[in-house]
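All remarks here apply to the structure that follows.
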Amino acid sequence: MTTNSRLRQNAATIFDVFCEVANVDSEPVMLQKYPEDFCDEPTLKSILQFAFPFRTNEDSGEAVQLFSFVLTDAQSLYTFGFCRSMPKTNSCIVILSGFPWDGFFYKLLNHISVVMLSGKQSDLEGILTKAYHTDIPTAGEQLRVSTFENTYLLELTVPDISSLPTLRDDKYMLEFYNAITPAQMIALYSSLLKERRIIFTGRKLSQLSSCVQAASTILYPMFWQYLYIPVLPETLVDMLQAPMPFLIGVPKQVVDTDKVRDLGDVMVIDLEHRTLKGTHDDTIHLPANVLQQLKNDLKSGPGMGDGLSRAFLKANVNLFGGYRLGFTRKEETGVITWDKAKFVAEQRPSLQNFLSSLVAEDGVQYLERFIEERIKALNLGVPINDAFEKAANSLEIKLRAQTKDSAADVLGAIKDKMSAIQIKDKIGKLNPRELGKSATRKVQLRKSGHEKLNGKMPLSFDNIQWTEEQVSNDSSRSVSPAEKADETGNIDLIDWTSDVMDPLEEFDPSTSYAGHTPPPIPSSSNPLDTPIAAPRRSIPTSVQPLAPAKPPSQDNYRPPIPFKGPVGQAATMTMNYNPFKTQVTDSFPKKFPPSKPIAKTNPGSHSSWEKFD
1 MTTNSRLRQN
11 AATIFDVFCE
21 VANVDSEPVM
31 LQKYPEDFCD
41 EPTLKSILQF
51 AFPFRTNEDS
61 GEAVQLFSFV
71 LTDAQSLYTF
81 GFCRSMPKTN
91 SCIVILSGFP
101 WDGFFYKLLN
111 HISVVMLSGK
121 QSDLEGILTK
131 AYHTDIPTAG
141 EQLRVSTFEN
151 TYLLELTVPD
161 ISSLPTLRDD
171 KYMLEFYNAI
181 TPAQMIALYS
191 SLLKERRIIF
201 TGRKLSQLSS
211 CVQAASTILY
221 PMFWQYLYIP
231 VLPETLVDML
241 QAPMPFLIGV
251 PKQVVDTDKV
261 RDLGDVMVID
271 LEHRTLKGTH
281 DDTIHLPANV
291 LQQLKNDLKS
301 GPGMGDGLSR
311 AFLKANVNLF
321 GGYRLGFTRK
331 EETGVITWDK
341 AKFVAEQRPS
351 LQNFLSSLVA
361 EDGVQYLERF
371 IEERIKALNL
381 GVPINDAFEK
391 AANSLEIKLR
401 AQTKDSAADV
411 LGAIKDKMSA
421 IQIKDKIGKL
431 NPRELGKSAT
441 RKVQLRKSGH
451 EKLNGKMPLS
461 FDNIQWTEEQ
471 VSNDSSRSVS
481 PAEKADETGN
491 IDLIDWTSDV
501 MDPLEEFDPS
511 TSYAGHTPPP
521 IPSSSNPLDT
531 PIAAPRRSIP
541 TSVQPLAPAK
551 PPSQDNYRPP
561 IPFKGPVGQA
571 ATMTMNYNPF
581 KTQVTDSFPK
591 KFPPSKPIAK
601 TNPGSHSSWE
611 KFD
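Residue numbers (UniProt numbering): 1 to 613.
As structure tokens, this is what we get:
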């Protein structure tokens, strides 16, 4: 836990003064003090008030109690009083210090009590002298105190107030956890955030003061800035009429609980009956994610570590972890300032309403004081590396990752939606008749053995050539070379009006014309003089050359017969019949890039396929 801004920074000794106070005829009397030259009369008067906050007698039968009180000076800085009350002897020993080391000083008070009961006065003076004149140790160091004769030795460990308090080592948090239910803790926390008037009541001074002290720490890294009295003495009962926010522990011996409730606009927590009553339900205004986080953390049980403190730390980080979003730097001076409106506007929407109520015109004092301290440290270049800053940085990294994932999900959803719209538009442009033709065409291609591969159609089997499919309607259909030939009066040797399933069917000389009418043969003696029409049959699995009737010579070849490609394709194929080899060449459209001649030979069919420019 970070150092409280309301702690004194000028403490020169471990404690300021030690006092023994007795209750004589219902009046507190100072029996002794150390050092004897301590003469701060207002402080000594306050010690008398708080050592015996109410009238008591030695026959009360109450056990020894360890409790504390807090004094506030003109600079609003704290001085802590640690007391060990002994009702049987009607006395109380007190140590006043600027350090909030409750466990440390309670152990020292118990040790001093033993020395006072069983030792000599010189032994007490020896222990107090060594403790008072010892250099102030740092956190984690061991402090050894003893008498002048090195008897009554005591070793104490200095606590680390920069870390979160644990139930194992912090008396305040342990008493608080045992006395208040999780639901009451959340209600108390919500009212502290709103700076309400809050009263704890009870008969045990140790429990009462501990719960009030612990309640002030759950705002960490902020601290309560208004009236703060862990144990209210009878002489200060008028403080309950103060119109300002306060956090006060009222012993039932001073004011009965019913009278406290008659004060009006207050929250009253009865530690004896474990009840909480108030006029405001501030829990309903708490952001939902913060409320749920507190319920989960407190329900699971904090254990004996810092789980209880960390649960409220996480809540404060969720609420105020983005305080740096309100910082602005003046260009001319480079000084950092804080803008309330900017701070609220930059927060998550779920937090804006709640934070706006906290930073209104009469903003909460604990947050304003916290911002002032942070700005001062930043302008002075002082590093800030407490538990709150570490948790805030971790939360910022987590929120950035969640924002990135959310943005990716949104973009993905938009892309999916746009793709669905585009597909719907494309399908909507086709009428039912065209959709039926497309489906029939796919079925017929599948039956004929021509499967499209990635939207392309193979030109042959032995050496696959590819051509792009053109999709167009009747009004914008391109004109094929064969149709152009018809317009110019050229003789079309292939019947393009036939219902051949695939326009890429090849001529197979070895196939008979069973079931078909063969084309007419002219009177020429050379069969190659006759143009050959494309047969109406499916493509064979392989092209077999026609066995020659007699060995011909290679001198009787004629120029290749032009072969017009299918409708929509600007390709021209030529076919030469040769009993020794079958050669089919194709000329690709000008839109394809030129390629070098490639020749491949298929020994099984004595055929070669050539691709040329």
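All C-beta atoms, glycine included, are put in the ideal place defined by N, C-alpha and C.
Model, not experiment: these values are computed from the prediction.
| Check | Outcome |
| --- | --- |
| Answer yes or no: do Pro-28 and Phe-52 have a C-beta to C-beta separation smaller than 8 Å? | yes |
| With DSSP run on the structure shown, which of helix, strand or coil describes Lys-88? | coil |
| Can you say whether Ala-12 is buried or exposed, counting buried as having 16 or more other CB atoms within 10 angstroms of its CB? | exposed |
| Is it true that the CB of Val-231 sits closer than 8 Å to the CB of Leu-208? | yes |
| Taking the alpha-carbon positions, what's the Asp-281 to Arg-329 distance? | 39 Å |
| Flag this pair as yes or no: are the beta carbons of Ile-199 and Val-266 separated by less than 8 Å? | yes |
| Could you check the C-alpha separation between Glu-195 and Ala-215 for me, to the nearest Å? | 12 Å |
| Secondary structure at Tyr-78, three-state DSSP: helix, strand or coil? | strand |
| For the pair the segment 160 to 172 and the segment 335 to 349, tell me if three or more CB-CB distances fall below 8 Å. | no |
| For Asn-10, does the count of other Cβ atoms within 10 angstroms reach 16, so buried, or fall short, so exposed? | exposed |
| Smallest Cα separation from Ala-131: which of Asp-386, Asp-16, Gly-321, Met-30? | Asp-16 |
| Please report how far the alpha carbon of Ser-46 lies from the alpha carbon of Ser-91, in whole angstroms. | 16 Å |
| Closer than 6 Å by C-beta to Leu-31: which residues in its own chain qualify, once you throw out the five before and the five after it? Chain order, please. | Glu-20, Ala-22 |
| Identify which residue in Glu-149, Ser-162, Gln-121 has its Cα closest to the Cα of Ala-139. | Ser-162 |
| Could you tell me whether the Cβ atoms of Gly-81 and Phe-99 are closer together than 8 Å? | no |
| Report the residue ranges of all beta strand (DSSP E) runs contained in full by the segment 192 to 228; include only those spanning at least 3 residues, in chain order. | 197 to 202 |
| Measure from the alpha carbon of Phe-50 to the alpha carbon of each residue in Asp-160, Val-114, Val-254, Met-304, then state which is nearest. | Val-254 |
| When burial is assigned at 16 or more other CB atoms within 10 Å of the CB, is Phe-18 buried or exposed? | buried |
| Could you pull the DSSP bridge partners for Cys-83 from this structure? | Phe-67, Val-94 |
| Quick one: what does DSSP say Gln-32 is sitting in, helix, strand or coil? | strand |
| Which class does Gln-365 belong to by DSSP, given the choice of helix, strand or coil? | helix |
| By alpha-carbon positions, which one of Leu-48, Thr-217, Val-115, Ser-206 ends up nearest to residue 624? | Past the edges of the chain, shown from 1 to 613, lies residue 624, and the structure says nothing about it. |
| Grouping DSSP H, G and I as helix and E and B as strand, with all else coil, what is Pro-182? | helix |
| Apply the 10 Å Cβ neighbour rule to Ser-190 and answer buried if 16 or more other Cβ atoms are within range, or exposed otherwise. | buried |
| In its own chain, which residues sit with a C-beta less than 7 Å from the C-beta of Ser-76, not counting the 5 before and 5 after it? | Arg-6 |
| Considering Lys-45, what are the terminal residues of the alpha helix (DSSP H) in which it resides? | 41 to 51 |
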